[in-house]
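Residue numbers (my numbering), protein chains in the order written: chain G, 1 to 120; chain B, 1 to 138. Ideal Cβ placement from N, Cα and C applies to all residues, glycine included. What follows is one structure encoded as structure tokens, with my remarks underneath.
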Amino acid sequence: MSEETISVIKIRDILMVSMPSDPDDPTVAALQEKALKAMERYQAKGLVLDISKVDTLDSYFARILAETTKMISLMGGKTIIAGMQPAVAITATQLGLTLGKVGTALNVDRALDMMSQHPN
Amino acid sequence: MSLPVVSGEVKILAENDIVVARRAVREAALYLGFESTDTTRIVTGASELARNIFKYAGTGMMHWRLIKNGDMQGLELKFEDQGPGIANLDQALREGYSSSGGLGMGLPGTKRLMDEMEIKTAQGKGTTIIVRKWKRKV
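This is the structure:
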């Protein structure tokens, strides 16, 4: 139903994806597929996921995020989510969602800094 | 002349109806004037309960309506399915996402997001879950 498509951008050796505000399940699934393909294609250090527009983070999104982080780490990369909205942070914590080993940053600038310091 | 919309329903027939349910609930919550954190709580809770219908029953229904209690206003959501029912409700109410590794129904967590939760279920007899959130007086 959603017409949203995920675009993976390459900034030097870092991948970046900007998530739309309310991604449906296929959009979230596409994130995983496209991110892994891009990791392989560009031999990137990792993925910065800009979630500053996301206003619903449910258990499906959290699971795919944790899975994707694990898959990227198997490929030697790091995953960082940037810009989680306060309401989303509060809700995700109350709901008991765990995001695995994903890194977190207040915004995309800090995420990119963190990523360039990551040894690879 | 249009009347205020005070109730509605979303049929849960496929995976993509989960996002339809979320968006209907978001509109209702914003219409009622819930502030952003409570809106996020309600929408996320609705997403989980709609997803449970899809995961465990395949199909079902979400009804929503505006509710009043004295001068308090709120939103009530009802999730109904004719699925297998929750065999062990006590266990389901204890097993959150953190203990089930993100799997399971997430009922304890969803209950924390809302103000009230009522569950009617029996093995082989389907499930009805009603949740309510009241608008805080600012």
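Evaluate contact between the stretch 22-30 of chain B and the stretch 34-43 of chain G, counting only Cβ atoms and requiring at least three cross-stretch pairs below 8 Å.
Cβ pair count under 8 Å is below three, so no.
With a Cβ-Cβ cutoff of 8 Å, do Thr122/B and Gly85/B count as a contact?
At residue 122/B the sequence reads Ala, which differs from the Thr that was named. Yes. Within cutoff.
Tell me which residue opens and which closes the beta strand (DSSP E) that Gln73/B is part of.
From DSSP, the beta strand (DSSP E) with Gln73/B extends over 72-81.
Cβ-Cβ distance between Arg41/B and Lys133/B below 8 Å
For Arg41/B and Lys133/B, yes; Cβs fall inside 8 Å.
Under the three-state reduction of DSSP, which class applies to Ser116/G: helix, strand or coil?
Three-state result, Ser116/G: helix.
Within 8 Å, do at least three Cβ pairs link the stretch 17-36 of chain G to the stretch 44-58 of chain G?
Proximity of the stretch 44-58 of chain G to the stretch 17-36 of chain G meets the contact definition, three or more beta-carbon pairs being nearer than 8 Å.
Near Gly45/B, which residues of its chain fall below 7 Å by C-beta distance, leaving aside the five closest residues on each side in sequence?
The beta carbon of Gly45/B sits closer than 7 Å to the beta carbons of Thr110, Leu113, Met114, Val131 from its chain, once the five residues preceding and following it are set aside; these are given in chain order.
Helix, strand or coil at Ala82/G according to DSSP, with G and I counted as helix
Note: Ala82/G maps to strand in three-state DSSP.
Taking beta-carbon pairs under 7 Å, can you tell me which members of the stretch 27-50 of chain B lie near chain G?
Residues of the stretch 27-50 of chain B whose Cβ lies closer than 7 Å to any Cβ of chain G, in chain order: Ser36, Thr37, Thr40, Arg41, Val43, Thr44, Ser47, Glu48.
For the stretch 40-49 of chain G against the stretch 100-120 of chain G, are there 3 or more C-beta pairs whose distance is under 8 Å?
Between the stretch 40-49 of chain G and the stretch 100-120 of chain G, the count of Cβ pairs shorter than 8 Å is three or higher; the stretches touch.
Using beta carbons (cut-off 8 Å, strictly below), is Met1/G in contact with chain B?
Residue confidence for Met1/G is low, a pLDDT of 44 falling below 50, so the modelled location carries little weight and cannot support an answer.
Name the residues in the stretch 71-89 of chain G whose C-beta lies less than 7 Å from a C-beta of chain B; which are they?
For the stretch 71-89 of chain G, which is checked against every Cβ of chain B, the residues closer than 7 Å are Ala87, Val88.
List, in chain order, every chain B residue whose beta-carbon is nearer than 9 Å to that of Asp22/G.
Simply Val19, Arg22, Arg23, Arg26, Val43.
Which residue marks the beginning of the beta strand (DSSP E) containing Glu9/B, and which one marks its end?
Counting along the chain, the beta strand (DSSP E) containing Glu9/B begins and ends at 7-12.
Just tell me which of Glu15/B, Arg22/B, Lys120/B, Thr39/B has its CA closest to the CA of Ala87/G.
The shortest C-alpha separation from Ala87/G is found at Thr39/B.
Among Gln94/G, Asp13/G, Ile6/G, which residue has its Cα nearest to the Cα of Gly76/G?
Put simply, of Gln94/G, Asp13/G, Ile6/G the residue whose alpha carbon is nearest the alpha carbon of Gly76/G is Asp13/G.
Figure out for me which residue from Glu118/B, Gly124/B, Gly104/B has the closest Cα to the Cα of Glu48/B.
Nearest option by C-alpha distance: Gly104/B.
Taking only beta-carbon positions, decide if Met117/B is within less than 8 Å of chain G.
No, Met117/B lies away from the interface with chain G (no Cβ there is under 8 Å from its Cβ).
Between the stretch 88-96 of chain B and the stretch 60-71 of chain B, are three or more C-beta pairs nearer than 8 Å?
Result no; under three Cβ-Cβ pairs closer than 8 Å.
C-beta neighbour in chain G for Arg132/B, strict 8 Å:
By this cut-off, Arg132/B is not an interface position.
Apart from the five residues just before and just after Gly33/B, which ones in its own chain have a Cβ nearer than 7 Å to its Cβ?
Taking Gly33/B as the centre and dropping the five residues before and after it, the same chain places the C-beta of Lys135 closer than 7 Å to its C-beta, in chain order.
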